[in-house]
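Data block below; observations after.
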């Protein structure tokens, strides 16, 4: 136990550039836990994030009524929203905002299995560095290693979702009305790209919430492997 505490204190004193070297020198038998078990614990934490937090996003209003991840209009469309409300078309503006979030909810529901598969990519070599990192270190690792691939998977689903929930028709009507208002400049944003990026950010945000809970609250460690592994970073 003293040896483990000493190692952790040492890790807190070195620069980021030296972190991996020091971590690699930690004995495999420290507290009876090797890299394989640490990686297993991290994957369990991320899977918990998907099952307990990301699943919330797939429900109706999962994005729209969650202020942490709610998708608002991109900057270039805020003037559309404001103008429509000023001329008494607030209900249309509200509907336009809602369908953006509906598309994200629909996409996350269809793409969650892709995300679960990506969690399996955490390597044993990275396990201890992630464990002793920041409260969202595992989430950030997942973000850095999967975002491009997930974007490519999410984007066509978002596009299909727009058609499924009627977002394409609503926004075409909304923008047409705006463009017909005198003295306004026509707009034609790529909403598919925007909502895809926002949906991905929402997924990572919710996983990070669960990771932080597990790191900071013993009561959130609901399995033996979570208790055993995350006790090392306490």
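In the working numbering, the protein residues as written are 1002 to 1235.
Glycine included, C-beta positions come from ideal geometry on N, C-alpha and C.
Computed from a predicted structure; not experimentally measured.
| Asked | Found |
| --- | --- |
| For residue 1085 and residue 1228, I'd like the C-alpha separation in whole angstroms. | 53 Å |
| Let me know the secondary structure DSSP gives residue 1090 once reduced to three states. | coil |
| Confirm, please, whether the CB-CB distance from residue 1051 to residue 1116 is below 8 Å. | yes |
| To the nearest angstrom, how far is it from the Cα of residue 1053 to the Cα of residue 1235? | 23 Å |
| Roughly how many angstroms lie between the CA atoms of residue 1146 and residue 1078, to the nearest whole one? | 31 Å |
| Once DSSP output is grouped into helix, strand and coil, what is the label at residue 1029? | Any reading at residue 1029 is ruled out, since the residue's pLDDT is 44, under 50, leaving its predicted position unreliable. |
| Could you tell me which uninterrupted alpha helix (DSSP H) segments, each at least 4 residues in length, are contained entirely in the segment 1125-1189, listed from first to last along the chain? | 1125-1132, 1138-1166 and 1168-1180 |
| Taking its Cβ as the centre, do 16 or more other Cβ atoms sit within 10 Å of residue 1027, making it buried, or is it exposed? | Here residue 1027 scores only 41 on pLDDT, less than 50, and its place in the model should not be relied on; the value that follows carries that caveat. So residue 1027 ends up on the buried side. |
| Helix, strand or coil for residue 1224 per DSSP? | coil |
| What separation, rounded to the nearest whole angstrom, lies between the Cα atoms of residue 1133 and residue 1091? | 49 Å |
| Taking the straight line between their C-alpha atoms, what separation do you get for residue 1250 and residue 1219? | Shown here, the chain extends from 1002 to 1235; a query on residue 1250 therefore has no answer. |
| With C-beta atoms as the reference, is residue 1069 less than 8 Å away from residue 1206? | yes |
| Any idea what DSSP makes of residue 1068, helix, strand or coil? | coil |
| With H, G and I counted as helix, E and B as strand and the rest as coil, what does DSSP make of residue 1024? | Confidence in residue 1024 is poor, its pLDDT being 39 and thus under 50, which makes the residue's placement too unreliable to answer from. |
| Does the distance from the CB of residue 1226 to the CB of residue 1047 come in under 8 Å? | no |
| Less than 8 Å between the beta carbons of residue 1158 and residue 1196, yes or no? | no |
| Contact check, residue 1171 vs residue 1100 under 8 Å by CB: the rounded distance? | 5 Å |
| Return helix, strand or coil for residue 1062, following the three-state DSSP convention. | coil |
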